[in-house]
Amino acid sequence: MVDDSTRKTLSSIPLLQMRAGPREKDVWVQRLKEEYQALIKYVENNKASGSDWFRLESNKEGTKWFGKCWYMHNLLKYEFDVEFDIPVTYPTTAPEIALPELDGKTAKMYRGGKICLTDHFKPLWARNVPKFGIAHAMALGLAPWLAVEVPDLIEKGIITYKDNC
Amino acid sequence: MPSAIDELQAMIAELKAELEDQKTTNRHARDRIERMSAEVVDSNPYSRLMALQRMNIVKDYERIRDKAVAIVGVGGVGSVTADMLTRIYTFKRCGVGKLILFDYDKVELANMNRLFFTPDQAGLSKVEAAARTLSFINPDVRIETHNYNITTVDNFDKFLTTITESGIQAGQPVDLVLSCVDNFEARMTINAACNEKNLFWFESGVSENAVSGHIQFIRPGDTACFACAPPLVVAENIDERTLKREGVCAASLPTTMGITAGLLVQNALKYLLNFGEVSDYLGYNALNDFFPKMTLRPNTQCDDRHCLLRQQEFQARPKPVVEQKEEVSDEPVHASNDWGIELVSEDAPATESTSKATDSTQVTAGLRLAYEAPEKETTQATPQAAAGEAAAEVSLEDLMAQMKSM
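Chains as they are written, first to last, in numbering that gives the first Met the number 0: chain G, 0 to 164; chain L, 0 to 405.
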């Protein structure tokens, strides 16, 4: 399921240690720090390898996340808003990453633009609780989804290139 | 000019009255019933249900009026469940049955391959559409609706408060929670809430390929919670990959959902009215009509700390004495056995399988593990060690700022 380049990307993202959800106020801060450290490292790696593809930030509590992700196709950049909540049962359950503007445009999506992660990502996450965090969800959940769906959506003419990106 | 305005106003008043009239005649096909009667007549909507009492199936059917049930997820299974419960609920003087509905979704035309909702309801929130139809079916039922996603941090607290305080009497918990949701996250959320508040609940589900379903009765501490055995266990005899169609996230069939809702409400009813035997787990495989039934015991290493607490409480509680079966005499039934016929027990110990299966997740016949659970690491024991190394000196604000400036 995971190819060599993904494995390499994955191995350079730090694993997390703290098993803590957003309701456990005292230890959640610790988990949140680990989340940010992993994300920063991942973005740095992406920049270094010329494959920078997303930005994320969160609210103060670290329970709501939002940002942008983009995908290069035939030298054109297609950009989308990303958002998700940290579920109360995190990290046992993975965040449900959503691309709201694509809602209704592809079948591989649940209501509200939540991308379908059931097959390619959820079993991986379940096997790696609590070591995987948001950075891993981006690398193993959203990235492969974009790689499969975006070219298809472009080909079908459902999404078109916007100059201002 | 003023006469034209008067004319229009008169017309508006007339139309308003007409609309009001339509509303009362259509939406309330019958008035609330003051007193429940057991008489079997065509005009009594409860007579067929009260007959259960006369036939000695149920001791006191009217007890249903004291029950409040929360239904989380009003989709394919949840809406039919709510419909069934609405028809089952009865009314007598001050008490009524109560339904609390949770869902954050809207009715869509894509839902029309399911039961209950009608095309004219497209666009309405599912709880609102359901509440309208349900109070039309049975005006005696009290219906409370909650239109939000329970898995987010803010809404979870609202959800907890509702299930612990919106019972029949204000401030009391609901009598039963029925999970009719379609995703793992929501199930884990209900599980966390019911473990924390020690509420009994039924989990239900229909597989993504629409050809199997199950219900599971979860009594925190007594039976396995949803986190005790996460979806490691899958029903055998179906290769799901062969059924999954490209480009479709989930299939659904009104039949499978109706059957699952039926199994769910039947068992909820048996529990609420204390009759028959409530199944702890009942599966349904539509392809070969296989109904596995079993009891899953709690996992002593469950990840949910409230589950472990409930397990301790359950162990400490005195168990009700189980009726002893009369001893069977050892005397042979047949004095002679000319043909040497002997009976071999079907569940004779199979040595290989018992050594393989982990004792905590008792996998019964017809089931297999989808994957091995990750090995437990004692991460919780060493938070200081982990914290001390890298993160302690960096503040969260710095990290947030750093990420934002990238």
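Ideal Cβ placement from N, Cα and C applies to all residues, glycine included.
request  = Within its chain, find whatever has a CB closer than 7 Å to the CB of GLY257 of chain L; leave out the 5 residues flanking it on each side and keep chain order.
outcome  = VAL79 and LEU114
task = Using a threshold of 8 Å, state whether the C-beta atoms of LEU100 of chain L and ILE70 of chain L are closer than that.
result = yes
request  = Anything in chain L within Cβ reach of LEU38 of chain G, meaning under 8 Å, just list it in chain order.
outcome  = MET402
message = Once DSSP output is grouped into helix, strand and coil, what is the label at VAL57 of chain L?
response = coil
query = What first and last residue would you give for the alpha helix (DSSP H) that runs through CYS193 of chain L?
reply = 183-196
query = Under a three-way DSSP split, which group does LEU224 of chain L fall into?
reply = The residue asked about is misnamed: residue 224 of chain L is Cys in this sequence, not Leu. DSSP places CYS224 of chain L in coil when its eight states are reduced to three.
task = Starting from LYS22 of chain G, find everything on chain L with Cβ-Cβ shorter than 8 Å and list it in chain order.
result = Here residue 22 of chain G turns out to be Arg, not Lys, going by the sequence shown. Under the 8 Å cutoff, chain L gives VAL152 and PHE155.
query = For LEU14 of chain G versus LYS121 of chain G, is the C-beta distance shorter than 8 Å?
reply = no
Three-state secondary structure assigned by DSSP to TRP338 of chain L = coil
key: Selection of the region 259-275 of chain L by Cβ proximity to chain G, strictly under 8 Å   = none
query = How would you call GLN171 of chain L, buried or exposed, if buried means at least 16 neighbouring beta carbons within 10 angstroms?
reply = exposed
query = By a C-beta neighbour count over all protein chains shown, 10 Å radius and 16 as the cutoff for buried, is GLN16 of chain G buried or exposed?
reply = buried
Residue closest to LYS113 of chain G, alpha-carbon to alpha-carbon, out of L:ASN110, L:ALA121, L:ASP104 and L:GLN168 = L:ASP104
inquiry  = Determine whether the beta carbon atoms of THR144 of chain L and GLU127 of chain L lie at a separation below 8 Å.
reply    = yes
message = If I follow the unbroken alpha helix (DSSP H) through THR159 of chain G, where does it start and stop?
response = Neither: THR159 of chain G is in no alpha helix (DSSP H) and is coded neither H nor E.
ask   = Residues of chain G with a CB under 9 Å from the CB of THR188 of chain L: which are they?
value = PRO86, VAL87, THR88 and THR92
key: GLU56 of chain G: first and last residue of the uninterrupted alpha helix (DSSP H) it sits in   = Counting along the chain, GLU56 of chain G falls outside any alpha helix (DSSP H), though it belongs to the beta strand (DSSP E) covering 53-57.
query = Is the beta carbon of PHE155 of chain L sitting closer than 8 Å to the one on LEU177 of chain L?
reply = no
key: Rounded C-alpha distance that separates ALA67 of chain L from VAL173 of chain L   = 5 Å
ask   = Can you tell me the Cα-Cα spacing of VAL42 of chain G and LEU139 of chain G, whole angstroms?
value = 14 Å
query = For ALA19 of chain G, which residues of its own chain have a beta-carbon under 7 Å away from its beta-carbon, when the five flanking residues on both sides are left out?
reply = VAL26, TRP27, GLN29 and ARG30
ask   = Can you list, in chain order, the residues of its chain whose CB lies under 8 Å from that of PRO253 of chain L, leaving out five sequence neighbours each side?
value = GLY75, ASN112, ARG113 and LEU114
request  = Name the residue from G:ALA134, G:ASP151, G:VAL128 and G:LEU152 whose alpha carbon lies nearest to the alpha carbon of ALA37 of chain G.
outcome  = G:ALA134
request  = State the Cα-Cα distance for the pair LEU141 of chain G and GLU34 of chain G, rounded to the nearest angstrom.
outcome  = 17 Å
ask   = Comparing the C-beta of VAL176 of chain L with each C-beta of chain G, is any distance below 8 Å?
value = no
inquiry  = Just to confirm my understanding: we take GLY61 of chain G, look at its own chain, exclude 5 residues before and 5 after, and list those with CB closer than 6 Å. What are they?
reply    = LEU31
key: Whole-Å CB distance - LEU101 of chain G paired with PHE65 of chain G, under 8 Å assumed   = Not really, about 15 Å apart at Cβ, beyond 8 Å.
query = Where LYS125 of chain L and ASP119 of chain L are concerned, what is the direct C-alpha to C-alpha distance, given to the nearest angstrom?
reply = 12 Å
Three-state secondary structure assigned by DSSP to ASN208 of chain L = coil
ask   = With a cut-off of 8 Å, does the C-beta of THR178 of chain G fall near any C-beta of chain L?
value = Absent from the model: residue 178 of chain G. The displayed extent of chain G is 0 to 164, so no value can be given.
Option in L:GLY96, L:THR132, L:ILE217 and L:LEU108 with minimal Cα separation from ASP139 of chain L = L:GLY96
inquiry  = According to DSSP, simplified to helix, strand and coil, what is PHE101 of chain L?
reply    = strand
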